[in-house]
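Visitor: So for the sequence shown, the UniProt record's numbering puts the first residue at 1; every next one is plus one. Ideal Cβ placement from N, Cα and C applies to all residues, glycine included. This is the structure I have questions about; it appears just below.
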Amino acid sequence: MIRLGVVGLGVISRFYLAAIAALPDCELAAVCDPHGEALDPFRDKARCHADHREMLAGGGLDAVVVTAPNDVHLVVCRDVLHAGLPVCVEKPLATTLEDGAELAAVARDRSLTLFTAFHRRYNSNVLALREELAGAGPVESLTVRYLERIEEHVGRDRWYLDAARCGGGCVADNGPNALDLVRWLLGPLRLTGVRITRDATGIDRQAVLELHGSCPARVELDWSYPGECKDITACLADGTELRADMLGGYPGFKGSLWHEYEGVLRDFLGAVPLGARWDDAGLSALALVDQVYRVEGSQSGA
């Protein structure tokens, strides 16, 4: 039985907590959040802490899940790794490539698992598309769309709308999931084109990213979309189109996330014994995000 601590009880944490309750080989041992009202529902279920260092000092943990705001990923994950514990962290791995590389180095040096949660990999419709593509003809192009009105998704976690805390806008936060799907389906990627639209406050609200893996690919991101659309379209050389609607069959708001985060947690538990031998695409996705912003800066002369 793996005893888990969860740092951050914001909008995404409920999916991890449901997965912990559903899986037989782990249990919730401790939770951490600086807001007392977030801890209140757990007072009689797990150790409750307002500070992650206090939680780590209390012992009794085998691994930690970090769903805290993006800007504290470096500090929290580094402390977890220095405490000798493997960590599963929400994407993005960190807000800067330098910080992500530091975490990867600490995990490697301490032979610990550093696991980035790309939950869309575990979407049932995405998995079905990947299996279908394996038996299909050559893929000529791939498009991933990740479109939503961000204000409808953040709940009380307003830090998403603070570029300094989020690491940017739609490219920094939704980009890693979309880019990971392209890499997962097409292999290593190179960036070939960038178009970003920013709002009056300077936050990137829309982006179109052109990439090339085993074929050309396109990622469309939008934080101002009226509603929600998240899908993948693969065009085959014979003209056939294969599609995965990530929301298809999951009509409730964020309905697909329940089964996706079970997949995340199941994979993390399997990766824990691998230690530093575990290698995911967290740093690769962060490197692409960093490159996107650098290319945009060079285009604007910044």
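Start and end of the beta strand (DSSP E) containing Y146?
Guide: Taken as a continuous stretch (DSSP letters only), the beta strand (DSSP E) holding Y146 covers V139 to R149.
Visitor: If C32 sits next to F268, beta carbons under 8 Å apart, how far is it from one beta carbon to the other, in whole angstroms?
Guide: C32 to F268, Cβ: 18 Å. No contact.
Visitor: Going along the chain, which residues of its own chain have a beta-carbon closer than 8 Å to the beta-carbon of G60, five neighbours each way excluded?
Guide: Result list for G60: R3, A29, A30 and R47, in chain order.
Visitor: By DSSP's criteria, R190 is part of a beta bridge. Which residues make up the other side?
Guide: Note: R190 sits in a beta bridge opposite H212.
Visitor: What does a CB cutoff of less than 7 Å around W184 pick up in its chain, not counting 5 residues either side in sequence?
Guide: Result list for W184: R121, in chain order.
Visitor: With DSSP run on the structure shown, which of helix, strand or coil describes H49?
Guide: Strand, per DSSP.
Visitor: Would you check if there are 3 or more beta carbon pairs closer than 8 Å linking the stretch 268-288 to the stretch 112-120?
Guide: Output reads yes: the stretch 112-120 touches the stretch 268-288.
Visitor: Counting Cβ pairs, one atom from each stretch, are 3 or more of them under 8 Å apart for the stretch 180-196 and the stretch 253-270?
Guide: Output reads no: the stretch 253-270 does not touch the stretch 180-196.
Visitor: By how many angstroms is the C-alpha of P176 removed from the C-alpha of T95?
Guide: Between T95 and P176, the C-alpha separation is close to 11 Å.
Visitor: Within 10 Å of its beta-carbon, does R246 have 16 or more other beta-carbons around it, so buried, or fewer, so exposed?
Guide: Sequence check: residue 246 is Met here, not Arg. Its Cβ being crowded by 16 or more others within 10 Å, M246 is buried.
Visitor: Could you tell me which residues DSSP puts in a beta bridge with L4?
Guide: L4 is bridged to L28 and A63.
Visitor: Taking DSSP as the reference, what is the three-state secondary structure of R198?
Guide: Reduced to three states, the DSSP call for R198 is strand.
Visitor: Starting from R130, trace the alpha helix (DSSP H) both ways and give me its first and last residue.
Guide: Segment S124 to A134, the alpha helix (DSSP H) holding R130.
Visitor: In the structure shown, what three-state DSSP assignment does S224 receive?
Guide: Strand, per DSSP.
Visitor: Run the CB neighbour count on A134, radius 10 Å, all protein chains shown included, and call it buried at 16 or more, exposed below.
Guide: The residue in question, A134, is exposed, as its Cβ has fewer than 16 Cβ neighbours within 10 Å.
Visitor: By the 10 Å Cβ neighbour count, where 16 or more other Cβ atoms means buried, how is R205 classified, buried or exposed?
Guide: The residue in question, R205, is buried, as its Cβ has 16 or more Cβ neighbours within 10 Å.
Visitor: Quick check: what's the CA-CA separation for residue 341 versus V11?
Guide: The requested residue 341 is not part of the displayed model; the chain covers only 1 to 302.
Visitor: In or out: L189 buried (at least 16 other Cβ within 10 Å) or exposed?
Guide: Under this definition L189 is a buried residue.
Visitor: If I measure Cβ to Cβ from G137 and keep anything under 8 Å in the same chain, skipping five residues before and after, which residues do I get?
Guide: The answer, listed in chain order, is L236, A237, D238 and T240.
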